[in-house]
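Q: Protein sequences, first through last, are from chains A and B. Quick note: the first sequence, position 414, residue 414 per UniProt numbering, numbers continuous. Quick note: the second sequence, position 77, residue 77 per UniProt numbering, numbers continuous. Every residue, glycine too, gets a C-beta built ideally from N, C-alpha and C.
Protein chains: 2
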Amino acid sequence: MTEPSASGDPQGPSKNALKKAAKEKEKAEKKAAAKARELAERQKKEADDANDVSADCYGELPMVGSPEFKPSNLPRVNLADIVELADKEIVFRCWVENARVQSAKLAFLNLRQGLNTIQAVVAASEKLSKQMVKFAGNISTESTLVVHGLVKKTQEAVKSATIKDYEIHITKLFIEAKAEVPLPMQIEDAERPLPSEGLGNEDEKAAGDEGRPLVGLNTRLNNRTLDLRAKINHCIFVIKSGVCELFQEFLRGKGFVMIQTPKLQGAASEGGSNVFEVKYFDRPAFLAQSPQWYKQMLVASRFPRVMEIGPVFRAENSNTARHLTEFTGLDLEMEFQENYHEVMGLLEDLMLFIFKELNVRYKKETELVRSAYHVEDFKLPESGKVPRIPFVEGIKMLREAGEELGDYDDLTTPQEKHLGRLVLEKYGSDFYVLDQFPLAIRPFYTMPSPANPLLSNSYDMFMRGQEILSGAQRIHDAELLRKAIRNYDPPLDPDSPAFKDYVDGFRFGCPPHGGGGFGLERIVQFWLGLPNIRMCSLFPRDPQRIMP
Amino acid sequence: MTEPSASGDPQGPSKNALKKAAKEKEKAEKKAAAKARELAERQKKEADDANDVSADCYGELPMVGSPEFKPSNLPRVNLADIVELADKEIVFRCWVENARVQSAKLAFLNLRQGLNTIQAVVAASEKLSKQMVKFAGNISTESTLVVHGLVKKTQEAVKSATIKDYEIHITKLFIEAKAEVPLPMQIEDAERPLPSEGLGNEDEKAAGDEGRPLVGLNTRLNNRTLDLRAKINHCIFVIKSGVCELFQEFLRGKGFVMIQTPKLQGAASEGGSNVFEVKYFDRPAFLAQSPQWYKQMLVASRFPRVMEIGPVFRAENSNTARHLTEFTGLDLEMEFQENYHEVMGLLEDLMLFIFKELNVRYKKETELVRSAYHVEDFKLPESGKVPRIPFVEGIKMLREAGEELGDYDDLTTPQEKHLGRLVLEKYGSDFYVLDQFPLAIRPFYTMPSPANPLLSNSYDMFMRGQEILSGAQRIHDAELLRKAIRNYDPPLDPDSPAFKDYVDGFRFGCPPHGGGGFGLERIVQFWLGLPNIRMCSLFPRDPQRIMP
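1) I'd like to check one pair, Asp435/A with Ile468/A: are the Cβ atoms closer than 9 Å?
2) Spatial neighbours of Lys205/B within its chain, please: C-beta separation below 7 Å, excluding the five flanking residues on both sides.
3) Determine the direct distance from the alpha carbon of Leu419/A to that of Gly402/A, and round the result to whole angstroms.
4) Kindly indicate which three-state DSSP category Pro543/A falls into: helix, strand or coil?
5) So the alpha helix (DSSP H) Tyr427/A belongs to, where does it begin and stop?
6) Using CA coordinates, which residue listed in Val306/A, Phe237/A, Leu347/A and Ile232/A is at the minimum distance from Thr261/A?
7) Using a Cβ distance threshold of 8 Å, determine whether the region 329 to 347 of chain A contacts the region 300 to 318 of chain B, with at least three qualifying pairs required.
8) On the DSSP letters alone, give me the boundaries of the alpha helix (DSSP H) that Gln131/A sits inside.
9) Let me see if you follow: with CB-CB separation under 9 Å, is Thr154/A close to chain B or not?
10) Measuring CB to CB, does Asp407/B end up less than 9 Å from Val392/B?
11) Suppose the cutoff is 7 Å on Cβ atoms and the five residues either side in sequence are ignored; what does the same chain contact list for Thr225/B look like?
12) Spatial neighbours of Ile546/A within its chain, please: CB distance less than 7 Å, with the 5 preceding and 5 following residues excluded, ordered by chain position.
13) Please list the terminal residues of the continuous beta strand (DSSP E) segment that includes Gly59/A.
14) What residues in the region 321 to 351 of chain B have a beta carbon less than 9 Å from any beta carbon of chain A?
15) Between the beta-carbon of Ala268/B and the beta-carbon of Phe250/B, is there less than 9 Å?
16) I'd like to know if the region 63 to 80 of chain B and the region 96 to 109 of chain B are in contact, where contact means that at least 3 CB-CB pairs between them fall below 8 Å.
17) In or out: Ala157/B buried (at least 16 other Cβ within 10 Å) or exposed?
18) May I have a chain-ordered list of the beta strand (DSSP E) segments no shorter than 3 residues that lie completely inside the region 76 to 140 of chain B?
19) Just the Cα atoms here: how many angstroms apart are Arg421/B and Gly384/B?
20) Could you work out which residues of chain B lie near Ser371/A, taking near to mean beta carbons separated by less than 8 Å?
21) Please name the residue, chosen from Cys94/A, Ser429/A and Ala315/A, that lies closest to Leu352/A on a Cα-to-Cα basis.
22) For residue 578/B and chain A, any beta-carbon pair shorter than 9 Å?
23) Quick one: what's got a C-beta closer than 7 Å to Glu280/B's C-beta in the same chain, skipping five residues either side?
24) Quick one: any contact between the region 493 to 508 of chain A and the region 178 to 186 of chain B, if contact means 3 or more CB pairs under 8 Å?
25) Run down chain B in chain order and give the residues with a C-beta less than 7 Å from the C-beta of Val64/A.
26) In terms of residues, what are the limits of the beta strand (DSSP E) holding Ser470/B?
27) Find the residues of chain B that neighbour Ser241/A, judging by a C-beta separation of less than 8 Å, and give them in chain order.
28) Rounded to the nearest angstrom, what separates Val121/B and Asp52/B at their Cα positions?
29) Going along chain B in order, which residues have a C-beta closer than 9 Å to the C-beta of Phe526/A?
30) Going by DSSP, what residues sit across from Val151/B in a beta bridge?
31) Along the region 479 to 509 of chain B, what residues have a CB closer than 9 Å to any CB found in chain A?
32) With respect to the alpha helix (DSSP H) encompassing Arg370/A, which residues constitute its N-terminal and C-terminal limits?
33) Compute the Euclidean distance between the alpha carbons of Asp189/B and Gly59/B, then round it to the nearest angstrom.
34) Have a look at Phe378/A, Gln525/A and Glu38/A and flag the residue whose alpha-carbon is nearest the alpha-carbon of Tyr432/A.
35) Restricting to runs no shorter than 4 residues, where is the alpha helix (DSSP H) found entirely within the region 274 to 313 of chain B?
36) Are His234/A and Phe303/B closer than 9 Å when you measure CB to CB?
Written out as structure tokens, the structure reads:
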């Protein structure tokens, strides 16, 4: 039996079939022509290759880890050490910021490694083929390379690179990991500052300083792996890492123990609003809004000084430039002897230490970011004494400056910023403390003020007029705590499972204590004067964004 | 109109009413007698108080922070400095381990501060009243005190205290925070070791070494704030803090940057099993099982070396002595040049540094815990070279020792422990690496081995025969990664939203890299040789426990 043709028509050639045959003929002719062309090209290439004195000196490396890859075991250098490497043959890994063919005999590359960039020259010679020059000049931007070359002093300073006095005369050059083309965004666009707070789509349309389209925050965050390659972003996160380091260094020196408290909690703490719910096997659980209760329970367990660096989760539907649903808390809690100002003093010293050391250890990174955003230096009082302003005094300053507000009102964000400007004028400091907040606007576990029952032994810390820390003396007496829970607005039940373990923690001789919680991203944001907190989170989370 | 009586009978006194009247009379007489007794007692007390030469030297302090409290501003000392304090009048905060009245004129207290305990004597004299002796000897265990006293060398060593050569002759003594009686558990019971793994209720019933009832793990964890006061627990968590410190110290010295990756994720990673689901506003989100993908994306963002300390969440219904649903990951990821053994070498050096420094900086704490649990020292190879055992070699060792298993089988926990004993015998090391695991039992992003496609460039690290780290070279090429995702068992879709951002991260020139993730609690558990991982988590989380 004859099989039916694929066209489904067993009767003989139709119009369609004739058309098809003609098409196929055309195709076959084209194919033959292409083959001939290909052959000619291959022959030319083979001839070129035969002449290619550099054949072993460039190309794509087999993948590291694959069977074809043979390690060279050559030591790799760091371009930060360039001065010591002058006139030496070096090997290093880098990536391509920019590659261009200048002529058949000359290509230039801008190579980057960390925060350093250097110019590299690929010049045809007896030992270096034109094919290699062509290959080098056409490498796609962002590809990772292994470069062999000679470090030479330049005749005149290279404008386009951070290393101005040296360049690389390339002898070998291999692509280790090729970047696809086109890139979804250009790294150089990510280097330029965001307009205003970077929220809203209109930013995408606005034109930048140099007439280039601005890449808005959303595009950047959607392509975060590329966006983070920008030098400015490297600096931000190196500084963030530095703040963690300095926080621990200072506190460890003062006897603080690093703790890890649970982020999964059986009951929603602090009244239950703004808490994310988790499916925990067959029951609900909740994500910790802060390590507050646990760090206090540890003080009750006779850990006199504890610190924690960990994620903090807030199910707040706030779409502002200074809120995240997940951020990093720098928390501490400590016994004090007789006055909660012992805690406040330690917190002030901690921040002064961090500021001072950021200026020493992370000066370069700080300056790079601030100069891109035209941000002024962070001012600290010449006396070294942090302004401690009683809340009522802050209210008075604001009233004198024309704000209308009551003695026990909470400050709005614009009022906080206004107060920040007033404090800067009066005390010459971008960092200060507001002390003795009204009791009614603080959490129930806050110790009331001995001087005025409407106030409390609590404080906030501010940088450039924005809050970075909230802290207080906590109630360390179980009976007083129960009363505070019952008298809360709305009233709560101290015997409910949500409170029981917490309250019980204070029944067996807990010493007086206090502490505070910093927002790490805010410290970085306000240190650098950045417009949006999302810039200080590697992969920020807000009500709209949970990817990547 | 006459109001009806409360009994509801308006007709006159009934039998019940007569009974009631008789009762009330009796009550009134009792009340009068009690009043008379009270009066007599008060008069006696007033007389005593009038005679009480120590009236201002003891009692309950008003609450620190309350209006009645007046700070003394006296400097407080640390009992760790006792040698320098000999023959001095000192003031210090401490708590009561034990108080007892020896006679009307003499009371003894065991006082604790940190890991130190000291004996204190309250002896009646012309300057110190019998009332004060009585007060001191009756203070409830675990109350927090402020003690004034003279440091005196003892005639003979005090057996019951850690400070043996000095005692305190108390001059003043105030209760700062009184502990309620009775305590739900005794701290000294928490000092004694758990039997076996501490799981199961039968432990509660078993009798301890000295015939005391054993306080089981569940009771301890239910009263964790008290349980944690035990010295042994202080040591465990001071060591845990120390491991965090040493981890960062070593890696920072090698150029690692501390990162914080998001714990809230928009898609369930790594296939989606064992992931906790979160209600994220109007959609589902998931808790990070590991920072794996993010730390790799950061290497792709040109952060050459990153580290993270953060919570890791596993929705695994495992009720064993070595699983938690929330634990602390010590993670790192780094570029390497040509061979993933560069990463393995760094991980080995990191652990050797941690072990060495734990032995130096946390010797006292380590010894205290190990001696309570009769645990042997942690052995390291004298050569300083960590045993690196290829997986196939491990299989061979186990087979020779009688285990039955195939070349590419995963090891069971008992087999791992068995191998640990064999390695200890052969190499004299409690720490070792298994290298080149079968590809099929590793995550899809693991780089296959160039030598054998059934193996992979991956490794685990072990302490005392139990896994503490899993790590590998990762696939850094987007195409190979897509293929690995498609070929996974079960097959997955690399273009699904769960994978897209991750895979895209490798499209633009990511260098070869590898890393690993340690379980912090396991390092502490196996360093100390403890039977249950819950002992190394301040507030452990398992399928049964999410409180306190």
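A: Concretely, from the data shown:
1) Your numbering for residue 468/A matches position 468 in the first sequence. Your numbering for residue 435/A matches position 435 in the first sequence. No, they are not a contact pair.
2) Against the second sequence, residue 205/B aligns to sequence position 205. Here Lys205/B scores only 49 on pLDDT, less than 50, and its place in the model should not be relied on; the value that follows carries that caveat. Closer than 7 Å at Cβ, skipping near neighbours: no residue.
3) Here residue 402/A is taken as the residue at index 402 of the first sequence, counted from 1. Here residue 419/A is taken as the residue at index 419 of the first sequence, counted from 1. Gly402/A and Leu419/A: Cα-Cα distance of roughly 11 Å.
4) Translated into the one-based positions of the first sequence, residue 543/A becomes position 543. Residue state for Pro543/A is assigned as coil, using DSSP reduced to three classes.
5) Stepping through the first sequence from its first residue, residue 427/A is reached at position 427. Annotation: the continuous alpha helix (DSSP H) that includes Tyr427/A extends over Thr413 to Tyr427.
6) Indexing the first sequence from 1 puts residue 261/A at position 261. Among Val306/A, Phe237/A, Leu347/A and Ile232/A, the Cα nearest to that of Thr261/A belongs to Val306/A.
7) Touching, no, given that fewer than three Cβ pairs across the two stretches are closer than 8 Å.
8) If you number the first sequence from 1, residue 131/A lands on position 131. Segment Lys130 to Gly137, the alpha helix (DSSP H) holding Gln131/A.
9) Residue mapping note: residue 154/A aligns to position 154 of the first sequence, counting from 1. It does not; no Cβ of chain B falls within 9 Å.
10) Here residue 407/B refers to the residue found at position 407 when the second sequence is read from its first residue. Here residue 392/B refers to the residue found at position 392 when the second sequence is read from its first residue. Yes, the Cβ-Cβ distance between Asp407/B and Val392/B is below 9 Å.
11) Within the second sequence, the letter at position 225 stands for residue 225/B. Around Thr225/B: no qualifying Cβ.
12) Your numbering for residue 546/A matches position 546 in the first sequence. Counting only Cβ-Cβ distances below 7 Å, and skipping sequence neighbours, we find nothing.
13) Position 59 of the first sequence, counted from the start, is the residue given in the question as residue 59/A. Unbroken beta strand (DSSP E) run through Gly59/A: Tyr58 to Glu60.
14) Thr325, Glu326, Phe327, Thr328, Glu335, Phe336, Gln337, Glu338, Asn339 and Tyr340
15) Locating residue 268/B in the second sequence gives position 268, counting from the first residue. Locating residue 250/B in the second sequence gives position 250, counting from the first residue. Not a contact, by the Cβ cut-off of 9 Å.
16) no
17) One-based indexing of the second sequence puts residue 157/B at position 157. It is exposed - the Cβ of Ala157/B has fewer than 16 other Cβ atoms within 10 Å.
18) 89 to 103, 106 to 113 and 116 to 123
19) As a first step, residue 421/B must be located in the second sequence, where it is residue number 421. As a first step, residue 384/B must be located in the second sequence, where it is residue number 384. Arg421/B and Gly384/B: Cα-Cα distance of roughly 19 Å.
20) Locating residue 371/A in the first sequence gives position 371, counting from the first residue. Listed along chain B is no residue with a C-beta nearer than 8 Å to that of Ser371/A; the closest approach is about 21 Å.
21) On the first sequence, position 352 is the one that residue 352/A refers to. Among Cys94/A, Ser429/A and Ala315/A, the Cα nearest to that of Leu352/A is on Ser429/A.
22) Since the first residue shown for chain B is 1 and the last is 548, residue 578/B is missing from the structure and cannot be characterised.
23) Indexing the second sequence from 1 puts residue 280/B at position 280. The sequence shown places Tyr at residue 280/B, not Glu. The answer, listed in chain order, is Leu264.
24) yes
25) Here residue 64/A is taken as the residue at index 64 of the first sequence, counted from 1. Those within 7 Å of Val64/A in chain B are Glu338 and Pro512.
26) Residue 470/B sits at position 470 when you count from the first residue of the second sequence. In the DSSP annotation of this structure, the continuous segment of the beta strand (DSSP E) that includes Ser470/B starts and ends at Gln466 to Arg474.
27) As a working mapping, residue 241/A is identified with position 241 in the first sequence. Per Cβ cutoff of 8 Å: Val257, Met258 and Ile259.
28) The count along the second sequence starts at 1 and reaches residue 121/B at position 121. The count along the second sequence starts at 1 and reaches residue 52/B at position 52. Whole-angstrom Cα-Cα distance: 19 Å.
29) One-based indexing of the first sequence puts residue 526/A at position 526. None at all; the shortest Cβ gap to chain B is about 18 Å.
30) Numbered from 1 along the second sequence, position 151 holds the residue referred to as residue 151/B. Per DSSP, Ile168/B.
31) The region 479 to 509 of chain B vs chain A, Cβ under 9 Å: Leu480, Pro497, Lys500, Asp501, Tyr502, Asp504, Gly505, Phe506, Arg507, Phe508 and Gly509.
32) Within the first sequence, residue 370/A is the residue found at index 370, counting from 1. Residues Lys363 to Ala372.
33) Counting from one through the second sequence, the residue named residue 189/B turns up at place 189. Counting from one through the second sequence, the residue named residue 59/B turns up at place 59. When rounded, the distance between both Cα atoms is 29 Å.
34) In the first sequence, the residue the question calls residue 432/A occupies position 432. When only C-alpha atoms are compared, the closest one is Phe378/A.
35) 292 to 300
36) For the purposes of this step, residue 234/A is taken as residue 234 along the first sequence, with counting starting at 1. For the purposes of this step, residue 303/B is taken as residue 303 along the second sequence, with counting starting at 1. The Cβ atoms of His234/A and Phe303/B sit closer than 9 Å to each other.
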